[in-house]
Every structure is written in structure tokens, then in C-alpha cells.
Amino acid sequence: MCYNPGEIEPRAVQVDTLGMEACTVGPNWKYVPAFRDCLESSVPIPTSTLDALKKYGQTHLVQFWEELNPKQQAQLLEQIEQVDFPLMERLAKLRSEQKTAAESPAEMSVRAQSPEQLIRLPKTQRDRDQQFIAAEAGEELLRAGKVGAILVAGGQGSRLGFNDPKGMFPIGPVTNRTLFQILCEQVLARSKRVGIPICYFIMTSEATHKPTVAFFEEHRYFGLSEDQVFFFQQASLPAMEDSSSRLLLERKDRIATSPDGHGGMLRALQRHGMLDVMRDRGIEHLYYHQVDNPTAIVCDPVLLGHHLQSGSELTTKVVAKVSPEEKMGVLVTVDGQTQIIEYSDLPIEQSKRLQADGTMVFWAGNTAIHVFQRTFIERLLGGELSLPFHIAHKKVPTIDAKGEPVNPTQPNANKFEQFIFDALPQAKLALVVEGKREREFNPVKNAEGSDSPATCRAALTAIARDWIESAGGTVEKNVPVEVSPLFALDREELHVKLEPGQVFKKPTVLA
1 MCYNPGEIEP RAVQVDTLGM EACTVGPNWK YVPAFRDCLE SSVPIPTSTL
51 DALKKYGQTH LVQFWEELNP KQQAQLLEQI EQVDFPLMER LAKLRSEQKT
101 AAESPAEMSV RAQSPEQLIR LPKTQRDRDQ QFIAAEAGEE LLRAGKVGAI
151 LVAGGQGSRL GFNDPKGMFP IGPVTNRTLF QILCEQVLAR SKRVGIPICY
201 FIMTSEATHK PTVAFFEEHR YFGLSEDQVF FFQQASLPAM EDSSSRLLLE
251 RKDRIATSPD GHGGMLRALQ RHGMLDVMRD RGIEHLYYHQ VDNPTAIVCD
301 PVLLGHHLQS GSELTTKVVA KVSPEEKMGV LVTVDGQTQI IEYSDLPIEQ
351 SKRLQADGTM VFWAGNTAIH VFQRTFIERL LGGELSLPFH IAHKKVPTID
401 AKGEPVNPTQ PNANKFEQFI FDALPQAKLA LVVEGKRERE FNPVKNAEGS
451 DSPATCRAAL TAIARDWIES AGGTVEKNVP VEVSPLFALD REELHVKLEP
501 GQVFKKPTVL A
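Heads up: the sequence shown begins at 1 in this note's numbering, then just goes up one per residue.
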């Protein structure tokens, strides 16, 4: 049975074959175990499941069934029933077809030019006036309740030496506030400014879902109301043996899987009813960002305004690359279409190509900040359009025919992902807007060096210092300072709240 704690009476629901109902309507809905956890005898495999395994040549997935205890059987059965076997069959066919694929991104890069549908940073008074008008349009869109925010939070912090979801990583230079807290405080502050709660749709993964939901509950949603936060989990896809179409077992009781990529967000929104929520609440535009960048301006009115005024279906924020060699995907125009070329697909000689004015062709670095029209997402899901799958050749631990562990030394399997930026060339109009790199793009990706916690904390301090000093304050050298979004969302708001002449001699947070 699934119930909402806010309801007096629990509502009756249909329980699935494993005795567990999957409720996906937001943070208020809880999983309640039924009879599955009480199983004491062997779990039967439904005839329909066996028929599917036989039809698609995957009966090996249950070859160790009798060796499993009831709990393991239930878990494996649940996983099998979530597999989209027709999709996996199509992916196996796609894999064979891609061996003779037409044009690679490297080949396409020869024809690529800098983005054409582009708004650069303002340089003239006319540019600044246009930016002000865009900001007003974005604010009005927010006040009308037509904007929601999507946070991609499916990654672990393992590359940072952190064993929890990356969003739980402490990053505040003074307070150690987490990535989640800083971003949620932005949504809360923006909601207060426009006078209406902004819905926050948080996409988790199998690895991060439970700890993320628990973390939000523990911290009372960082001031947001529960009915404006919606968690939805991206799907995973099975790994496929590279020499056949067999799906791999990680253990006797578990299929080897991996997340289906950030492009899987589209299907996840649909599968978990999030698009219904958006329609019901009148949300027409979605600001999309990733959890590792705390300096992203969440629901940026300027970006929203440019998006609205241009009639763009998909708008992307870019920043200038620091060098041709920087490992950053780039926005380009190819044959009149806006596209992204990943840095790993861009030949070094092409990356250095210059325009007639001496500037780089491939300068527009992707920040993974987008604004979508909701109707465009619906078109991508409706069969009219679709995102392609990308196939990776990877080493995937598995078991052999006897159930013994196999740790391959060479790639042995294929993983399948969709990338959200593949929607760009399918948009009727895809706008590109440049942002200030030092202000808006300071991700936490590596333990050390560039894009590390150290560089991100330094950026947060630099932003706070800039705001304080522009308001007439002074921050002494090497003193970390931090500004909570709840105190000021931008430099202009801090000007109003901070008395000129203040001197900061020790670590300080304005909150």
C-alpha cells in the first residue's frame, strides 16, 4: 500500500507481482513493503517472464535460480521485469549497423562553424539594454509560474574521494554547505523574489536515489516545501556482451547495468509522471542544470528571457574555452543545425582552427545548462523525434557459466546511453547564449587541479568578494567569504543589504 503522510486515510493501490508498488508522484509518496519482504519459499517465475526470456534469447539470466534464496530471486525477478527486451534487441541491431556508420563527429567537425543562433556577452549599451529587457521577460515568466527547474543528480562523488551522492559534497568555502543546499537555496530565494514556488524536479539514479531523498528529508528540503520538490529516478540499461546479444550477469542474482545517460531524463520524466505534474501546474519552460556546478544561476531570468523572446525550443548556455586543448564539448553550427561536438571527438588540428577575425571556431564551451520548452520534450517523446543511443565498449565485471567471477582485462561489453544535447539539431530553433565563465561555470569534477573543490571554493569566494567590494565593503587578503543565496541572489541585491564601509578580516558568511 502506498500512502501520503498528509492524508488521513491511506489510498488503496494495485500491488505489483513482487508485492511492492512503485510510487513516483513526488517526495511525499513513500514505499511501503508488502508481502515481498516476508517471502519464505521459492519465488515462481511468471510464465510471461519465461516466455520473454525465451523469445529474446536471455534464459541464461535465470540459470542460477535454484541457488538463490527467495529475497535474491525476488530482486532478480524485479530487475528482469524492468528490462525492455524489444529495446535491447533494437540496440543489438543498432550496434551492428553502426559498424558501417556514415559520418563520424570528427569528419563532421571539418564543416563546423561557430554557433550562428548566438547571443554574446553584452559589449555595448544597446547590448546591455537588450539584456535588461530579456531579464524583465524572464522575471515575468517566473512570476507567471511557467518555469520549473530540473537538477541532474545521478552521479556519485567517487572521483572526489567521496562515497556519497555528489550533491551531498561539502563545498561552501566558509560553511561547508553542500552542493544540494546551495542550489536549493537559490531555488528558494528565487521563489521568494517572484512570489511563487518554483517546482524543482531532481533526477537521481539507482545509486543515488535513496540517500538523496533521505538527505533532503533530514534537512527538511533546505527550506523548500515538500510539494515543490519532485524526485524521479533515471533508468538503467543492461550491459550486452560484445560478441553476442546476451545480457551480462554481474552476479548470480543481478544483471549488470549502467545508467542510460542524461538523455534518459526524457523517458524518466514521462515514466514517473513528471510531465503530467508540469502540465497540471502550468509549467511551460524548464531550466536544466547539473549538480556539480554551484555557481550556475538557477532559473536565470536573462537566459529565460532570451529563450522566450527568440522562440527557442532549446536554449544552451556556453562559456568561452580557455584553450583549444581544454576538455570541454563545444557548441557549433553544422549545415545550419546547432550541435555539440564532444572534446574527445574533436581532432586536435580542428580544435585550433581560427575564424577570419583570428578567434577560435570551437570557442563555445558547453556548460550543460539548458532551457527546454516542455512541448519540445513532449515532441521528442511522442515518436515524431527521438534521441539516438551512443554505444560504448567497456570492461564490465561478470560471471562465467559456472557462476565464477570474471574481471576482464579488455573491454568485453557494450553500454548504451542517450545524451541530452542530441536534442539540439532536432529543435526548430536552438539558441546559444554566452555567460560569464568566472561567475557561472565552476564545476566540481576532479579531486585536484582544474574543476576541483579547491577551484570551486576559490570561485565562490571570488564572487562573494566582488559583490562585497562593489557594494563598498572591504575583504582583507586571503580571507574567505561566502554569500548565501538567501541573503543575496546577485550583486544588486547585496548592494541594498550591505552597509558600505564594512571590513571583513576573518572568514564570514552573509546569510
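Heads up, the beta-carbon is just placed ideally off N, CA and C, and yes, glycines get one too.
Original post:
In three-state DSSP terms, what is Gly155?
Top reply: Numbered from its first residue, the sequence shown carries residue 155 at position 155. Coil at Gly155, not helix or strand.
**OP:** For Thr455, collect the residues of the same chain with a Cβ closer than 7 Å to its Cβ; drop the 5 residues on either side in sequence, then sort them by chain order.
**Re:** Your numbering for residue 455 matches position 455 in the sequence shown. Taking Thr455 as the centre and dropping the five residues before and after it, the same chain places the C-beta of Asn442 closer than 7 Å to its C-beta, in chain order.
**OP:** Could you tell me the distance, in whole angstroms, from the CA atom of Gln355 to the CA atom of Arg439?
**Re:** The sequence position of residue 355 within the sequence shown is 355, counting from 1. The sequence position of residue 439 within the sequence shown is 439, counting from 1. Between Gln355 and Arg439, the C-alpha separation is close to 26 Å.
**OP:** Specify, as a first and last residue, the run of the beta strand (DSSP E) that Glu250 falls within.
**Re:** As a position in the sequence shown, residue 250 is number 250, starting the count at 1. Taken as a continuous stretch (DSSP letters only), the beta strand (DSSP E) holding Glu250 covers 249-251.
Original post:
So what does DSSP say about Glu40, is it helix, strand or coil?
Top reply: To locate residue 40, count along the sequence shown from 1; it is residue 40. Bear in mind that a pLDDT of 47 at Glu40, under 50, signals an unreliable position, so the model cannot answer this.
Original post:
In whole angstroms, what is the alpha-carbon distance linking Thr204 and Ala471?
Top reply: Position 204 of the sequence shown, counted from the start, is the residue given in the question as residue 204. Position 471 of the sequence shown, counted from the start, is the residue given in the question as residue 471. Rounded to the nearest angstrom, the two C-alpha atoms are 39 Å apart.
**OP:** Please report the Cβ distance between Tyr287 and Val371, rounded to the nearest whole angstrom; I am assuming they are in contact, meaning their Cβ atoms lie under 8 Å.
**Re:** Reading the sequence shown from its first residue, position 287 is the one you call residue 287. Reading the sequence shown from its first residue, position 371 is the one you call residue 371. Sure, about 5 Å apart at Cβ, within 8 Å.
Subject >> 8 Å CB neighbourhood of Val509 in its chain, flanking five on each side removed >> reply: Position 509 of the sequence shown, counted from the first residue, corresponds to residue 509. In its chain, beyond the 5 residues on either side, Gly172, Val174, Thr175, Val481, Glu482, Val483, Ser484 have a beta carbon closer than 8 Å to the beta carbon of Val509.
**OP:** Kindly indicate the opening and closing residues of the alpha helix (DSSP H) around Phe376.
**Re:** As a first step, residue 376 is located in the sequence shown; it is residue number 376 there, counting from the start. In the DSSP assignment, Phe376 falls within the unbroken alpha helix (DSSP H) covering 374-381.
**OP:** With DSSP collapsed to three states, give me the class of Val322.
**Re:** On the sequence shown, position 322 is the one that residue 322 refers to. Correct three-state label for Val322: coil.
**OP:** Kindly indicate which three-state DSSP category Ser351 falls into: helix, strand or coil?
**Re:** Residue 351 sits at position 351 when you count from the first residue of the sequence shown. Ser351: helix per DSSP, three-state reduction.
Original post:
Grouping DSSP H, G and I as helix and E and B as strand, with all else coil, what is Gln63?
Top reply: Position 63 of the sequence shown holds residue 63. In the three-state reduction of the DSSP assignment, Gln63 falls in the coil class.
Original post:
In terms of alpha-carbon separation, which member of Leu381, Tyr343, Lys394, Val302 lies closest to Asp129?
Top reply: Position 129 of the sequence shown, counted from the first residue, corresponds to residue 129. Of the listed residues, the one whose Cα sits closest to Asp129 is Val302.
Subject >> Glu116, enclosing beta strand (DSSP E) - first and last residue >> reply: As a working note, residue 116 is residue 116 in the sequence shown. No beta strand (DSSP E) contains Glu116, which DSSP labels as neither H nor E.
Subject >> Residue environment, Ala427, which counts as buried when at least 16 other CB atoms sit within 10 Å >> reply: Counting from one through the sequence shown, the residue named residue 427 turns up at place 427. Its Cβ being crowded by 16 or more others within 10 Å, Ala427 is buried.
Original post:
When DSSP labels each residue in this structure, what does Thr409 get in the three-state scheme?
Top reply: Position 409 of the sequence shown holds residue 409. Three-state DSSP puts Thr409 in coil, outside helix and strand.
Subject >> Spatially closest choice to Leu304 from Phe180, Pro294, Lys317, by CA coordinates >> reply: Position 304 of the sequence shown, counting from 1, holds the residue named residue 304. The residue with the shortest Cα to Cα distance from Leu304 is Lys317.
**OP:** Leaving aside the five residues before and after Leu87 along the sequence, list all residues of the same chain whose C-beta is less than 6 Å from its C-beta, in chain order.
**Re:** Position 87 of the sequence shown, counted from the first residue, corresponds to residue 87. Contacts found: none.
Subject >> beta strand (DSSP E) runs contained entirely in the region 172-258, provided each spans 3 or more residues >> reply: Listed in chain order, the complete beta strand (DSSP E) runs (minimum 3 residues) inside the region 172-258 are 200-204, 229-233, 236-238, 249-251.
**OP:** Run the proximity test for Arg379: is its beta-carbon closer than 7 Å to any non-hydrogen atom belonging to the ligand FMN?
**Re:** As presented, the structure is devoid of all ligands, the ligand FMN included, so that no description of it is given.
**OP:** Express the C-alpha separation of Met265 and Glu417 in angstroms, rounding to a whole number.
**Re:** If you number the sequence shown from 1, residue 417 lands on position 417. If you number the sequence shown from 1, residue 265 lands on position 265. Rounded to whole angstroms, the gap between the alpha carbons of Glu417 and Met265 is 11 Å.
Original post:
If you scan the region 444-509 from start to end, which runs of the alpha helix (DSSP H) of 4 or more residues do you find wholly inside it?
Top reply: 453-470, 491-497, all fully within the region 444-509.
Original post:
Nearest to Asp227 by CA position, among Ala235, Leu237, Phe216, Gln234, is which residue?
Top reply: As a working note, residue 227 is residue 227 in the sequence shown. Comparing Cα positions, the closest option is Phe216.
**OP:** Pull up the CB-CB distance for Thr257 and Ser236, whole angstroms please, since I reckon it's below 8 Å.
**Re:** Here the question's residue 257 lines up with position 257 in the sequence shown. Here the question's residue 236 lines up with position 236 in the sequence shown. Between the beta-carbon of Thr257 and that of Ser236 there is about 4 Å, and that keeps the pair under the 8 Å contact cut.
**OP:** Note down, in chain order, each residue of its chain lying with its Cβ closer than 7 Å to the Cβ of Ala296, except the 5 sequence neighbours on either side.
**Re:** For the purposes of this step, residue 296 is taken as residue 296 along the sequence shown, with counting starting at 1. Its chain contains His289, Ile369, Glu440 as the residues whose beta carbon lies nearer than 7 Å to that of Ala296, once the 5 sequence neighbours on both sides are disregarded; these appear in chain order.
Original post:
To which residues does DSSP link Asn414 through a beta bridge?
Top reply: Position 414 of the sequence shown, counting from 1, holds the residue named residue 414. Answer is Met240, His393, bridged to Asn414.
Original post:
If you follow the beta strand (DSSP E) that Leu94 is part of, which residue opens it and which one closes it?
Top reply: One-based indexing of the sequence shown puts residue 94 at position 94. Annotation for Leu94: no beta strand (DSSP E) segment contains it, though the alpha helix (DSSP H) segment containing it runs 85-98.
Original post:
Just the Cα atoms here: how many angstroms apart are Ile399 and Asn163?
Top reply: Within the sequence shown, the letter at position 399 stands for residue 399. Within the sequence shown, the letter at position 163 stands for residue 163. For Ile399 and Asn163, the distance between alpha carbons rounds to 26 Å.
Original post:
When burial is assigned at 16 or more other CB atoms within 10 Å of the CB, is Ala392 buried or exposed?
Top reply: Taking the first residue of the sequence shown as 1, we reach residue 392 at position 392. Answer is exposed; the Cβ neighbour count stays below 16.
**OP:** Could you spell out the range, first to last residue, of the beta strand (DSSP E) harbouring Gln337?
**Re:** Looking up residue 337 in the sequence shown gives position 337. Boundaries of the beta strand (DSSP E) around Gln337: 337-341.
Original post:
Quick one: what does DSSP say Ala511 is sitting in, helix, strand or coil?
Top reply: To locate residue 511, count along the sequence shown from 1; it is residue 511. Coil.
Subject >> Cβ-based burial, Cys38 [other Cβ within 10 Å; buried from 16] >> reply: The residue labelled residue 38 in the question sits at position 38 within the sequence shown. Any answer about Cys38 is weak, because its pLDDT of 37 lies below 50 and its placement is not dependable; what the coordinates show is given next. Cys38 should be labelled exposed.
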